[in-house]
Amino acid sequence: AFADAVELVPRVLAENAGLDSIDTLVDLRKAHENDETHAGLNVFTSEVEDTFETGVVEPAHSKEQALSSATEAANLVLKIDDIIAADELSTSGDDEEGGAPGGGMGGMGGMGGMGGAM
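Per our numbering, the sequence shown starts with residue 14, numbered consecutively.
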């Protein structure tokens, strides 16, 4: 899923330039497999080219920060989704079993000698 999300950038770029996104991604993957690390899409020529040679250079730090921020945001959404799912599961579990809400052991507070203040 992560690779699909990262691949979305050149796919949308190709589509917005009026190019066939599938053919473009195949060409881009082929270039990267041939160790052409600076390969990128030139929308003006519709070709996959060495972006370093053509003068398209972006700071690596900004790319790393953008990927890091996007990954953190996706992880946060997944954690929130897990919390909601766990809450729904515990709520539906209480209804089925008919037990007391809370699931804790009531009446256990204030036990002497256990380090708690009384």
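Yeah, the Cβ is synthetic: ideal placement off N, Cα and C, and Gly gets one too.
By the neighbour-count criterion, in which 16 or more other beta carbons inside 10 Å mark a residue as buried, residue 54 falls on the buried side. Contact between residue 38 and residue 20 holds: their C-beta atoms lie close to 7 Å from each other, under 8 Å. If you keep only unbroken beta strand (DSSP E) runs of at least 3 residues inside the region 49-82, you get 52-55, 60-63. By the Cβ-count criterion, residue 52 is buried, with 16 or more other Cβ atoms from all chains shown falling within 10 Å of its own Cβ. Sequence-distant Cβ neighbours of residue 32 in its own chain, meaning closer than 6 Å and more than five residues away, are 59.
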